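Here the protein sequences come in this chain order: U and R.
If you count by the numbering used here, then the first sequence holds residues 255 to 672, one letter each, in order.
If you count by the numbering used here, then the second sequence holds residues 159 to 405, one letter each, in order.
All C-beta atoms in this analysis are idealised placements derived from N, C-alpha and C, irrespective of residue type, glycine included.
This one's a predicted model, so the numbers in the text were calculated from it and none came from an experiment.
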Amino acid sequence: MSRESAIALAAGIPTAIWLLTLLVWWRSRRRIRSQAHNAAARLSDSPLAEVRGLEKTIGQLEREVDDAVTKGGDASAAETRLVHAISAIDDGIVLLDDAGEIVFRNRPAEHFLGARHGEAIVESSIEDLAARALSGERVKQNVELFGPPRRMLVVSAEPLDDGRRGIGALVVIEDVTERQRVDAVRRDFVANISHELKTPVGGIGVLAETLLGEDDLDIIGRLAARMHHEAMRASRTIDDLLELSRIEAGEASLRDPVPVHLVLAEAVERSANAAEQRGITLDLVEPSRRLTLLGDRRQLVSAVFNLLDNAIKYSADGSSVVVSASTDGPSVQLSVADRGVGIPRRDLERIFERFYRVDRARSRDTGGTGLGLAIVRHVVSNHGGEVRVDSREGEGTTFTLVMPAGPGPVAVATPEAG
Amino acid sequence: MIEEPPSEVRVQFRDELDGVVREITRLAAHVTEAIPRGTQALLDGDLQTAQAMIDHDDVIDDLSIEIEERCYKILTLQAPVASDLRAIIAAIRLVAEIERSADLMVNVCKGTRRIYPTELPPPVRGLLQQMSEQATKLFTMCMDAYLEQDASLAAALDDIDDRLDDLHADFIQTVLEWGSDEGDIQPAVQLALIGRYYERIGDHAVNIGERVRYMVDGWLPEHAGSARVHATRPVWSDVEAAGGPDV
């Protein structure tokens with residue numbers, strides 16, 4: 255081998271290898287790869303006569319590489335945009351190649367990979383379904399996590415192909431918790447409102463029919479009393495529905511500074527009769543008279559009254575209910591605490607729904623309409639606040655209304671009756 | 159000084175150990191989910207969910223056996239030593255503790271069937287809910303200690319378990335009072351057993367914590383007792399000098 259050809263080999267082989275690597279890396283077209291292979295093959299043969307031809311080929315390859323690099327840059331920018339777009343999707347997305355290796359996962363999916371505790375079950379499900387999708391199956395699995403928070407996820411996987419053969423699998427993890435919650439609320443609302451309105455009306459109809467054929471004055475008296483009870487029940491439901499719709503419509507109502515101690519006193523006064531009948535003590539912890547809320551006094555009294563009404567209904571005879579208020583400066587907290595039966599944990603997030611019942615039989619026995627806590631939530635929401643509930647079955651419940659504080663002490667007017 | 163890259167055997171061992179840890183995490187996940195799910199089934203008298211959980215125990219058993227076999231294979235083929243050996247032995251012990259905890263939740267589900275359709279009073283329901291939350295918390299913490307190799311957290315589990323023990327004591331008292339008021343002691347006995355299952359899950363979480371301490375720094379509770387035995391046992395040469403042991 256001559257010195258000239260040796261130099262050409264020494265310079266040409268690394269260049270060709272570098273070009274090959276670069277081309278493969280950019281996944282360039284078959285033509286470029288083919289030329290690169292030819293060049294490498296010819297260089298390895300290394301006859302001097304071909305060196306000039308090789309220089310020409312390498313020059314052509316360099317131009318092709320420049321072109322490929324430019325296109326690769328464009329493709330890289332497009333890929334970055336695509337990755338950002340897919341990462342913005344709420345559903346988790348995992349893409350696997352035909353060997354089962356994860357080639358892409360978006361941010362929500364990353365959360366489940368390498369997870370611990372309940373979420374490790376989701377990771378396991380992703381792996382199982384991906385393996386089945388790689389063998390050609392389209393599969394779906396519901397994964398319920400008790401958390402907390404409790405969640406329902408749907409993991410689905412399907413095979414990917416290029417029309418001729420499988421090239422991998424796609425796994426999608428969808429969180430359907432909120433969708434399920436909304437479905438349950440809608441379904442239960444329709445069922446409950448039908449029951450609440452139809453039951454007393456149906457009852458009155460049946461009682462009236464029985465009354466028509468009855469001569470015994472004693473029985474007539476009992477039937478009439480029952481009809482009156484059912485009529486009052488329907489009336490209470492309609493009153494609460496009207497109250498709720500008034501509160502819902504009252505978002506833009508005039509806001510005045512309202513002394514908190516008057517709100518509590520008025521609500522306690524309205525509940526006193528019901529409490530007395532059950533031997534329940536209402537302990538009003540008198541707040542500072544300087545404490546005010548900016549809002550609608552009637553609505554605020556209604557909210558506290560509904561909480562007291564609930565506390566009395568679900569407390570044992572002879573127990574006590576504590577009503578208090580406090581402030582941390584920017585906000586005022588109104589609390590109603592009982593030591594009653596408490597609310598099961600699973601019901602805590604649903605108790606503010608209209609007509610939702612924790613214990614249907616017991617709730618109707620107590621004469622509730624199922625709208626009290628819905629009214630409370632709307633009032634607090636109208637006042638830019640929130641309702642907090644802390645409850646343990648068998649220990650009792652504390653509802654706390656947290657609302658923005660008013661401007662300070664106000665001239666106190668005598669509370670209106672009722 | 160340039161650090162030498164780990165050998166291929168070492169890399170393979172780490173990969174296999176990572177695989178075992180991942181599988182143990184999944185096994186424990188079944189328990190952390192089973193505790194609140196089983197409790198909800200108990201509180202709701204939901205026999206369908208209770209049965210599904212009893213059936214699901216086969217999956218947990220199968221996974222436990224699979225992990226144990228992986229550990230034995232690593233022991234046989236890799237012959238690990240020192241901390242690597244402790245990690246594998248701890249893994250084998252952890253699998254047993256987790257699997258037993260899953261069995262205890264199966265027992266809770268069987269108890270659900272036995273007390274059906276008894277309506278549980280609010281104080282009993284509240285205490286069951288609290289014991290379930292505390293057992294879940296302990297199990298979650300012991301797995302955190304394992305995955306993060308946190309010996310301090312593992313050591314704290316015993317004290318945290320005291321809260322579950324207190325709840326258990328309150329629960330037994332409440333259940334027995336309720337049983338005597340009702341005049342039917344059978345559901346109360348079943349509930350007392352169920353309370354015991356939660357308390358035992360807490361104990362298993364504490365055991366896991368002890369295994370984590372063993373894995374991290376070689377500490378074991380038995381070592382303290384063993385040291386006491388060695389301190390009080392007479393040395394053989396002393397016995398011989400005194401004219402041999404009394405028979």
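- In the structure shown, residue 540(U) falls within a coil segment according to DSSP collapsed to helix, strand and coil.
- Your pair residue 657(U) and residue 586(U) checks out as a contact, with CB atoms roughly 6 Å apart and the cut at 8 Å.
- The alpha-carbon separation between residue 436(U) and residue 195(R) amounts to approximately 22 Å.
- The three-state reading of DSSP puts residue 307(R) in coil, since its state is none of H, G, I, E or B.
- Short of 6 Å from the beta carbon of residue 316(R), and not among the five residues preceding or following it, lie these beta carbons of its own chain, in chain order: 364.
- Pairing residue 358(R) with residue 319(R), the inter-Cα distance amounts to about 10 Å.
- For residue 256(R), the enclosing alpha helix (DSSP H) starts and ends at 240 to 273.
- In the structure shown, residue 425(U) adopts extended strand secondary structure according to DSSP, grouped into three states.
- Going by DSSP, residue 533(U) is part of no beta strand (DSSP E) at all; its letter is neither H nor E.
- In the assembly as shown, residue 223(R) is an exposed residue. Its beta-carbon has fewer than 16 other beta-carbons within 10 Å.
- A direct Cα-to-Cα measurement between residue 225(R) and residue 207(R) gives close to 27 Å.
- Using a Cβ-Cβ cut-off of 7 Å, residue 238(R) is close to nothing in chain U; its nearest Cβ partner there is about 23 Å away.
- When Cβ pairs closer than 8 Å are counted between the two stretches, the segment 227 to 240 of chain R is seen not to touch the segment 267 to 282 of chain R, the count staying below three.
- Residue 327(R) has a beta carbon lying at 9 Å or more from every beta carbon in chain U.
- In the three-state DSSP reduction, residue 217(R) falls in the helix class (H, G or I).
- Between the segment 422 to 433 of chain U and the segment 346 to 354 of chain U, the count of Cβ pairs shorter than 8 Å is three or higher; the stretches touch.
- From the beta-carbon of residue 305(R), the residues of chain U found nearer than 8 Å are 370.
- Of the residues assessed, residue 527(U) falls on the exposed side of the cut-off, its CB having fewer than 16 other CB atoms within 10 angstroms.
- Listed in chain order, the non-local C-beta contacts of residue 360(R) below 6 Å within the same chain comprise 293, 296, 319 and 322, local neighbours out to five positions each way being set aside.
- Contact between the segment 506 to 520 of chain U and the segment 476 to 485 of chain U is not established, with fewer than three Cβ pairs separated by less than 8 Å.
- Take the alpha-carbon of residue 592(U) and the one of residue 536(U): they are about 10 Å apart.
- For residue 396(U), the uninterrupted beta strand (DSSP E) segment begins and ends at 393 to 399.
- In the three-state reduction of the DSSP assignment, residue 645(U) falls in the strand class, which pools E and B.
- About 11 Å separates the Cβ atoms of residue 629(U) and residue 564(U), ruling out a contact at the 8 Å cut-off.
- At a cut-off of 9 Å between beta-carbon atoms, residue 302(R) makes contact with chain U.
- Positions of the alpha helix (DSSP H) runs, each at least 4 residues long and wholly inside the segment 564 to 625 of chain U, are given as 614 to 619 in order along the chain.
- Residues of chain R whose Cβ lies closer than 7 Å to the Cβ of residue 374(U) are, in chain order, 183, 184 and 187.
- In this structure, the alpha-carbon of residue 426(U) lies about 12 Å from that of residue 396(U).
- Contact between residue 451(U) and residue 491(U) holds: their C-beta atoms lie close to 7 Å from each other, under 8 Å.
- The Cβ-Cβ distance between residue 511(U) and residue 547(U) falls below 9 Å.
- By DSSP's assignment, residue 511(U) forms a beta bridge with 548(U).
- Per DSSP, residue 465(U) is not a residue of any beta strand (DSSP E); the alpha helix (DSSP H) it occupies stretches across 431 to 466.
- Around residue 345(R), the same chain offers 273 and 276 as residues with beta carbons nearer than 6 Å, after the five sequence neighbours per side are excluded.
- Sequence-distant partners of residue 290(R) (beyond 5 residues in either direction) whose C-beta falls short of 7 Å from its own C-beta, in its chain, are 193, 194, 197 and 356.
- For residue 298(R), at least one C-beta of chain U is nearer than 9 Å to its own C-beta.
- Residue-level contact by beta carbon fails for residue 366(U) and chain R, as no gap is shorter than 9 Å.
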